[in-house]
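Here the protein sequences line up with chains A and B, keeping their order. Each residue of the first sequence is one higher than the one before, counting from 1 in full-length UniProt numbering. Each residue of the second sequence is one higher than the one before, counting from 1 in full-length UniProt numbering. For each residue, glycine too, the CB sits at the ideal point set by N, CA and C. Heads up, the thing below is written out as C-alpha cells.
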Amino acid sequence: MRRRAAVGGHTYEFPTLVELMARATPLRSGDVLAGCAARSAAERVAAQTLLADLPLATFLDEQVVGYDEDDVTRLVLDTHDADAFAPVASLTVGEFRDRLLAWTAAGDEAAISALAPGLTPEMVAATSKLMRTADLVAVGRRTRVVTGLRSTIGLPGRLASRLQPNHPTDDPVGVTASILDGLLHGSGDAVIGINPATDSPARTVALLELVDAVISRYEIPTQSCVLAHVTTTLRALEQGAPVDLVFQSVAGTQEANRGFGVTLDLLAEARAGVLALGRGTVGDNVTYFETGQGSALSAGAHLGVGGRPVDQQTLEARAYAVARHFEPLLVNTVVGFIGPEYLYDGKQVVRAGLEDHFCGKLLGLPMGVDVCYTNHAEVDGDDTDTLTLLLGAAGCSFVIAVPGADDVMLHYQSLSFSDVLTARQVLGLRPAPEFEAWLARMDLLDDAGRVRELAPDAPAARVLLAAATP
Amino acid sequence: MSLVGEDPWAVLRSATRARVALGRAGDALPTHRELEFRAAHAAARDAVHSPLDVDALRAALTGEVLTVASAAPDRATYLQRPDLGRQLAEGLALPRAGADLAVVLADGLSPRAVHEHGPGLLAALRERLGGWSLAPLVVATQARVALGDAVGEALGVRAVVVLIGERPGLSSADSLGVYLTWDPRPGRVDSERNCVSNVRPPHGLSYAQAADTVTALLTAARELGASGVALKDEGPALPSG
Numbered sequence: 001m002r003r004r005a006a007v008g009g010h011t012y013e014f015p016t017l018v019e020l021m022a023r024a025t026p027l028r029s030g031d032v033l034a035g036c037a038a039r040s041a042a043e044r045v046a047a048q049t050l051l052a053d054l055p056l057a058t059f060l061d062e063q064v065v066g067y068d069e070d071d072v073t074r075l076v077l078d079t080h081d082a083d084a085f086a087p088v089a090s091l092t093v094g095e096f097r098d099r100l101l102a103w104t105a106a107g108d109e110a111a112i113s114a115l116a117p118g119l120t121p122e123m124v125a126a127t128s129k130l131m132r133t134a135d136l137v138a139v140g141r142r143t144r145v146v147t148g149l150r151s152t153i154g155l156p157g158r159l160a161s162r163l164q165p166n167h168p169t170d171d172p173v174g175v176t177a178s179i180l181d182g183l184l185h186g187s188g189d190a191v192i193g194i195n196p197a198t199d200s201p202a203r204t205v206a207l208l209e210l211v212d213a214v215i216s217r218y219e220i221p222t223q224s225c226v227l228a229h230v231t232t233t234l235r236a237l238e239q240g241a242p243v244d245l246v247f248q249s250v251a252g253t254q255e256a257n258r259g260f261g262v263t264l265d266l267l268a269e270a271r272a273g274v275l276a277l278g279r280g281t282v283g284d285n286v287t288y289f290e291t292g293q294g295s296a297l298s299a300g301a302h303l304g305v306g307g308r309p310v311d312q313q314t315l316e317a318r319a320y321a322v323a324r325h326f327e328p329l330l331v332n333t334v335v336g337f338i339g340p341e342y343l344y345d346g347k348q349v350v351r352a353g354l355e356d357h358f359c360g361k362l363l364g365l366p367m368g369v370d371v372c373y374t375n376h377a378e379v380d381g382d383d384t385d386t387l388t389l390l391l392g393a394a395g396c397s398f399v400i401a402v403p404g405a406d407d408v409m410l411h412y413q414s415l416s417f418s419d420v421l422t423a424r425q426v427l428g429l430r431p432a433p434e435f436e437a438w439l440a441r442m443d444l445l446d447d448a449g450r451v452r453e454l455a456p457d458a459p460a461a462r463v464l465l466a467a468a469t470p
Numbered sequence: 001m002s003l004v005g006e007d008p009w010a011v012l013r014s015a016t017r018a019r020v021a022l023g024r025a026g027d028a029l030p031t032h033r034e035l036e037f038r039a040a041h042a043a044a045r046d047a048v049h050s051p052l053d054v055d056a057l058r059a060a061l062t063g064e065v066l067t068v069a070s071a072a073p074d075r076a077t078y079l080q081r082p083d084l085g086r087q088l089a090e091g092l093a094l095p096r097a098g099a100d101l102a103v104v105l106a107d108g109l110s111p112r113a114v115h116e117h118g119p120g121l122l123a124a125l126r127e128r129l130g131g132w133s134l135a136p137l138v139v140a141t142q143a144r145v146a147l148g149d150a151v152g153e154a155l156g157v158r159a160v161v162v163l164i165g166e167r168p169g170l171s172s173a174d175s176l177g178v179y180l181t182w183d184p185r186p187g188r189v190d191s192e193r194n195c196v197s198n199v200r201p202p203h204g205l206s207y208a209q210a211a212d213t214v215t216a217l218l219t220a221a222r223e224l225g226a227s228g229v230a231l232k233d234e235g236p237a238l239p240s241g
C-alpha cells in the first residue's frame, strides 16, 4: 500500500511496506549498499512518522517477504499467537513503543515478557526503528527470558559468557590452554563453544570429547558446543559423541538459509537427536543459533515482496523467528564480524548490537551478543567497551570472550575475559548461579564474590593447570 | 608438559598463539598487554589505510605498466561499497593486449602487502610463465578481486591473475593473496576462481611456493578451459578465498 508523509515542506512517498521499513532505519552502510536506505535525513524521519502511525496488526496482513515464497514468513504467521497479541492488538507502532516504555518504568516485566508469541519480527523491528539507545536498553532490561541446560541463562543481575577457545589448527593442547585461561577468569558459564578450523565430523567429535572431558573432570555446570554445520553435528550424534547443543547460523529468509545449507526440518531433526540424549540438569534447551545483520545481503538473499531489497535489521529480526521455533538455550548476533560494508563504524555497530538484543529479547530469545570488529571497520576497543557496558545495562544474557580479545582462528577481535570481569564489576552483575557456585567451590572467588587474581602457585590454579598436562 | 618451573603460566602461553595468561590489573589488562594489543591493531589499521604508492611500486617493477582505478573514489567509499571496487572508473579504457595472460597488482585491503611482496612474487611468476604471452602489467587502486574481470575483458586475455593485499589480521598485516580467473569477464563468481592465500615470507608461503602453485593452476585451467571449483578437484588443495 502506497503511503505519503510531509516533513520540512517536502512530501515523501513509500510505495510498499518494504520501502517504509527500510527508509525508517537509522543509517547503516549495508542498507546503502543494498540500495534501500533513506536518501536524506528528512526522508528517514518521514518514514518513521508514517511507521509510528501504522497499526501493529498491519504486519499480520501485509508482508515484507512473501508468504507463498518464503518459509520464514509462513513460520511467523502460521505460529502467531492471537491471545498473546491481544493486549497490544489495537495499538499503532508508536503507541506500542510508548506502552513498552510505560511498562518498563512501572517494572512490569510480566506484561512485556508475555507478549513474545504474539509479536512478529516485523513488529519489533519497526518498533526498534522508533527507539533511541536508552529506550532499547531500558526495555531490554525489563524483558525476561530464562533458559537452561546445565546452567541457567537470563536471570536478573546475571551476565554469562561464552568461552571461545578457538585455535587455527584445533590443536587439543592449544584449545585446552585457552579454556583454562577463560575458566580462571570466570568465563564459560553460557557455553564453552569452539569454532572448528575445518568442518569435519572426526574433528568435531574429537573437540566435543575434549571439552566434555574438561567439564566432567572438574564437574563444571556448563555446556559444550562445537560450532560445526548442523549436518556435521548429526554425524557426530550418529557416532555417539557427547553433544550438548545443536549449533547453526541462521538468517531471515528461506533463500539465505538455503545458502547456509539449512532447512527447518533439518534443525528439528538435530534438536530431537540431542534432546533424546537427556544431558541437561536444570533445563532442556538444546539449541544455539548465531545471526548477524548483513548475512542475507551477503548471500544475495535479501529481496522481499516485488523483488525489493529489505533492510538488514528487519531481516535480522526475522532470523530470530527461526531461532525461537527451536527453543534455544542461547542466541547471539555477531554484530561487527561481517565487515564495514554492512556496519561501517562504532556508531553503527553499537546501535545494531542494541537493536538486535532488544528485538531478540522481545521475541522471547535468550539473547546474547558477540561484541566484535574487524580491522577494516572504523571500530576499536573504545567502541566495544561502550557496547558491552550498554548491553550489560540492558540485561543481555551473555557475551562472547576470547583470550586477549584476539581470535587467532577467525582473525577478528571479540571481547577479552577481562572485559567480562570489568562489565560485571561496573554493573554489579554476576555469573550464572550454578557456575558461580562452582567458582566458589574451586576457590576462585574472593570474599566479595569477585573472581580472584591467582598467584601461579595457588592451589586452585594448580588444580586447573593440571588439565594442561596431556 | 610439566608444571615444574618458575612460571606455570608459561605452560599455558607455550601451548598456543592465543593471548592467554596475560595477567591482570584489577579486572582489566596490565598496561603493557594493553599496549601490545594496540600496537598490533595499529599495524593492521595502517595497512588498510596507507594508500598504495603507485610511483614507488612502478619503480620496483620492470616492463610496461598500466595504471587503473576502480569506481570507488576514496578509501571510505571503497570499504563500504565493494560493488564499486569491482568496476573500472568511468571513462577508463585499456588497449587490447593480444596476449594470453594479464597480471594485476591490486591494493585490496592491504596496500602494504603489495609493496612488500608484489614485486618479489611477480618475479617468481615470470620465471615460470615461459609458455604464456603476457599483457602489460596492470596496477589497480581501490580494487577488489573482481576488478580483474573487467581488466581481463578489456585487455582481451584468456586468463587473469590478481595479486591483492588481504584483509589484515592482528598478527599478519602484510599478507598477499593470488586469485586466478579463466576467461575473465564481469559477472564471474567466486566459485569460478582459484586462490592461493597467505603469501608472506618468511611467516607464510614463499614466493617460489606460491608461484609454483599458481603456474600449476594456470596450466590446468588452460587444459580444462575453466577455473574455480571445477579445477580444484584436480589441483592441489587450496584454501578458500
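Say whether the stretch 210-225 of chain B touches the stretch 119-135 of chain B, bearing in mind that this needs 3 or more beta-carbon pairs closer than 8 Å, one atom from each stretch. yes
From Thr386 of chain A to Ala22 of chain A, what distance separates their C-alpha atoms? 26 Å
Reducing DSSP to helix, strand and coil, say where Trp9 of chain B ends up. helix
Sort A:Pro172, A:Pro221, A:Thr281 by Cα distance to Val205 of chain A and report the nearest one. A:Pro172
Near Gly140 of chain A, which residues of its chain fall below 6 Å by C-beta distance, leaving aside the five closest residues on each side in sequence? His357, Phe358, Lys361, Ala394, Gly395
At a CB distance below 8 Å, what residues from the stretch 254-277 of chain A approach chain B? Give them in sequence order. none
Measure the alpha-carbon distance for Thr62 of chain B versus Leu129 of chain B and round it to whole angstroms. 15 Å
Interface residues of chain A around Pro8 of chain B at Cβ under 8 Å? Pro456, Asp457, Ala461, Arg462, Leu465
Would you verify that the beta carbon of Leu218 of chain B is, or is not, closer than 7 Å to some beta carbon of chain A? no
Cα separation between Glu43 of chain A and Glu13 of chain A? 9 Å
Under 7 Å Cβ-Cβ, which residues of chain B neighbour His411 of chain A? Gly169
Of the residues that make up the stretch 344-372 of chain A, which ones have a beta carbon closer than 8 Å to any beta carbon in chain B? Tyr344
DSSP on Asp457 of chain A, reduced to helix/strand/coil? coil
Short Cβ contact (7 Å threshold) for Val402 of chain A with Ser414 of chain A: yes
Taking the straight line between their C-alpha atoms, what separation do you get for Pro111 of chain B and Tyr342 of chain A? 22 Å
Within 10 angstroms of its Cβ, does Thr31 of chain B collect 16 or more other Cβ (buried), or is it exposed? exposed
Examine chain A for any beta-carbon lying closer than 7 Å to the beta-carbon of Ala89 of chain B, and answer yes or no. no
Distance check for Arg193 of chain B and Leu297 of chain A, CA to CA, integer angstroms please. 21 Å
What do you get for Asp345 of chain A, buried or exposed, if any count of 16 or more other CB atoms within 10 angstroms of its CB means buried? buried
May I have the straight-line CA-CA distance separating Leu429 of chain A from Phe289 of chain A, to the nearest angstrom? 24 Å
Is Phe59 of chain A helix, strand or coil when you go by DSSP? helix
Cβ-Cβ separation, Asp68 of chain A to Thr253 of chain A (assumed contact under 8 Å), whole Å: Not a contact, Cβ separation roughly 13 Å.
Compare the beta carbon distance of Pro340 of chain A and Ala377 of chain A with 7 Å and say whether it is the shorter of the two. yes
Contiguous beta strand (DSSP E) assignments of at least 3 residues, all confined to the stretch 114-176 of chain B: 137-141, 159-165
Residue from A:Gln164, A:Arg142, A:Val145 whose Cα sits closest to the Cα of Val371 of chain A: A:Gln164
State the DSSP-derived secondary structure class of residue 473 of chain A, mapped to helix, strand or coil. Look at the range of chain A in this structure, 1 to 470, and you will see that residue 473 of chain A is not part of it.
Are the beta-carbon atoms of Ala177 of chain A and Leu12 of chain B separated by less than 7 Å? yes
Counting only the same chain and skipping the five closest in sequence on each side, list residues whose C-beta sits under 6 Å from that of Ala160 of chain A. Ile153, Asp189, Ala190, Phe398, Ala432
Which listed residue (A:Ala41, A:Glu109, A:Glu19) has its alpha carbon closest to that of Val65 of chain A: A:Glu19
According to the neighbour-count rule (16 or more other Cβ atoms, all chains shown, within 10 Å of its Cβ), is Asp265 of chain A buried or exposed? exposed
Answer yes or no: the CB of Val310 of chain A versus the heavy atoms of the ligand FAD, is any distance below 6 Å? Of ligands this structure carries none, so the ligand FAD is not represented either.
Report the CB separation of Val408 of chain A from Arg17 of chain B in whole angstroms; it is logged as a contact under 8 Å. 5 Å
Short Cβ contact (7 Å threshold) for Glu355 of chain A with Ser128 of chain A: yes
Does any residue of chain B bring its CB to less than 7 Å from the CB of Ser200 of chain A? no
Out of A:Val274, A:Ala299, A:Leu390, state which residue places its alpha-carbon closest to the alpha-carbon of Thr233 of chain A. A:Val274
Delimiting residues of the beta strand (DSSP E) encompassing Ala432 of chain A: Segment: none, Ala432 of chain A is in no beta strand (DSSP E) and carries neither H nor E.
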